[in-house]
Structure formats: structure tokens, C-alpha cells
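> Below you will find the structure I want to go over with you.
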Amino acid sequence: MPELPEVETIKRNLEPNILGKTISDIKILSPKNFIGKKEDALNRKIVSVDRYGKVLVIKLIRVDHDRPLHNNYLNIHFKLSGQILFSPDINHAVFKNIIPFTGGNKMPANTTRVVIKFQDGSGLFFNDLRKFGWIKISNEPLKPKGIDVLSKEFTVKYLTVILKSTKKLIKIVLMDQDKMTGIGNIYANDSLFISKIYPLRPANSLKEEEIKNLYQAILKVIKEGIKDKGSSGADEAFILPTGEKGGHQRHFLVYQREGKPCFVCKTIIKRVKHHGRGSFFCPKCQQPPNLSS
């Protein structure tokens, strides 16, 4: 699933390619993946591309000035396997790399759910193997409830309040988008490793110093993920809109490293399953504390 660094990378890659373009047509190949009336996006110019948590938000304005100005937004959530690809020629969309989960490098593919065409002949392809992702048209940007972890509102104090108010597992709390947005399985695992916190600890068991360390670790892994242009791991759908792969998978600390030695102490990384997800950790660096003492 694309997390904050991946969606931020998509935003930065997509923005110079689509800013100022006008939508001329939208082909909805899977109604489940498109919510709203496509007519509300036609003949509208893209004036900004933003990110709120894991949601990509494209702002549109009318280009026919005989009608009242009214903004609309294309909100895109990639969920587990969503992709957005840009081609300068929508009728000849060929990419240098094989696009994950499509089996080829040409668009549209068998996983393409929505095609957005611009007046200049370029276009976007929204792919989603599992059909959980969506494009929604709205009058306002669809912002998640939680605080974006790169925003000024995300502070040590805020994180402390969130963690001290629940007995849920720390790993689960970090991924709760109603509390803080942008952290998924990749960056939760590695931030807990950096801060030496066992992933199955109750959130309210963390001490003040541990919370401070975790806060710094979250910012560190998120910013490094952005610097590496996201993660395109072997089992991940993420790819940049122009077809290049991300590079953060080469810098995983514990995520997807089960059975391999810890970079710090050489202990073998283990994986434990809970709530339908796998958590990766170093048994030595992230020892569970004796909470009964």
C-alpha cells in the first residue's frame, strides 16, 4: 500500500506533468473505482496537486468563463494496489519498465480502471489490481481525520496524548489514520526498530523518552522514504507516474527482512503476525519489557 512517502513522490512526479492541463474526457472502465459524476471534471483545468495523508488531491477550475467559477476536486486513494500513470500520448502509452501487476509496459492494461484524457492528447491511467482504490469527485478536498505526520500539528506532545490514551498495540496505533495519517506497515516497522520499541507493546506503556525517540524515528524514516522516491518492493504495486521505480526498498531496516541479520547486532530478524499484518523486529534491539514489574 502506498504510504506517505509514496503518495508524496507521486505528487511531486505528477505535478509538473499535469499542472495547467484541461480534462477533455474520462473513461470509467470500473464504476466501483470512480465515485461521482465525471461531467463535474470535464472541461476543467488542473490548478494544483496536493497530498493529505495518503490521499492525492487534484484541484480543478472551470475554463468556460461564461459560467460561475466553481472548484471541484479529484481525490485519489490508492489503498492496497492503486497506481496512477502519466503518458504524454494517451494513444501510445508505453513505459520503460514493466508496470507491477500488469504484466507489461503498455497502457491501458487489464488492471486499468479509469482513463483521464487531457486536451493536449496526454493522459492518466488509474490502475488497481484489487479494486479497493478510488477516485472521488467532490466540492471540497477529502482530508483524513488524523494529523499528517509531516505537518506542524504533529508534535511530541500530540503523539504523547495519542499513545497515553490507549492500550492498543503501538504498531496498530501508529497505523491508525484517524489519529495520524501517512504511516503504513513499512514505516511503522522501521520507526519502531530505530526507537528500539517492541511492536506488540501497549501504546500507553511507552515512557516519555521512548515517545520522544519514536517521534524522531517517524520523521526520519518518512523523510528518507521521500528522498528515496518511495518503495517499490517485490510485492508492492508502487511505481512513479512516469514509470520509474522507487528506491527505498534498498534501505529497509527490518521490514521484509525476516531471517536476515540485524544491521546493528546481527541477531536474526523475526516476523510476528497480528491483526492480519506482519510485524518485523529484532529480538535483541527491540526486547519486550517486563510490564508486570
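If you read the sequence shown in full-length UniProt numbering, its first letter stands for residue 1, the second for the next number, and so on.
A virtual CB, placed ideally from N, CA and C, is assigned to each residue, including glycine.
Here the structure is a predicted model, which is why all the values come from computation and not from measurement.
1. Can you name, in chain order, every residue of its own chain whose Cβ lies under 7 Å from the Cβ of residue 186, other than the five neighbours on each side?
2. What is the DSSP secondary structure of residue 198, counted as helix, strand or coil?
3. Taking the alpha-carbon positions, what's the residue 273 to residue 19 distance?
4. Does DSSP classify residue 92 as helix, strand or coil?
5. Name the one or two DSSP bridge partners that residue 296 has.
6. With 16 as the cutoff for other CB atoms within 10 Å, does residue 130 come out buried or exposed?
7. Mind reading off the beta-carbon distance from residue 71 to residue 61? Whole number of angstroms is fine, and I expect it under 8 Å.
8. Alpha carbon to alpha carbon, how far is residue 46 from residue 24?
9. Excluding five sequence neighbours on each side, which residues of the same chain lie with their C-beta closer than 8 Å to the C-beta of residue 96?
10. Where do the ends of the alpha helix (DSSP H) carrying residue 160 lie?
11. Since I believe residue 154 is in contact with residue 22 (beta carbons under 8 Å), could you give me their beta-carbon distance rounded to a whole number of angstroms?
12. Can you tell me whether DSSP reads residue 257 as helix, strand or coil?
13. Below 9 Å between beta carbons: does that hold for residue 172 and residue 222?
14. If I measure Cβ to Cβ from residue 258 and keep anything under 7 Å in the same chain, skipping five residues before and after, which residues do I get?
15. Mind checking which residues open and close the beta strand (DSSP E) that includes residue 83?
16. Would you tell me roughly how many angstroms separate the C-alpha atoms of residue 103 and residue 198, rounded to the nearest one?
17. Keeping to the same chain, check which residues put their C-beta closer than 7 Å to that of residue 211; ignore five residues upstream and five downstream.
18. By how many angstroms is the C-alpha of residue 168 removed from the C-alpha of residue 276?
19. Contact defined as beta carbons within less than 8 Å: I believe residue 15 pairs with residue 51. What is the distance between those atoms, to the nearest angstrom?
20. Name, in chain order, the residues that DSSP records as bridge partners for residue 60.
21. Does residue 124 come out as helix, strand or coil in the three-state DSSP assignment?
22. Going straight from the alpha carbon of residue 5 to that of residue 287, what length do you get?
On the basis of the supplied data:
1. 3, 231, 255
2. coil
3. 43 Å
4. coil
5. Here the chain comprises residues numbered 1 to 293, so residue 296 is not present and cannot be evaluated.
6. exposed
7. 6 Å
8. 12 Å
9. 105, 243, 244
10. 156 to 164
11. No, residue 22 and residue 154 are not in contact; Cβ-Cβ is about 36 Å, not under 8 Å.
12. coil
13. no
14. 269, 270, 271, 280
15. 82 to 87
16. 38 Å
17. 156, 159, 160, 163
18. 15 Å
19. About 10 Å; that fails the 8 Å criterion.
20. 46, 72
21. strand
22. 28 Å
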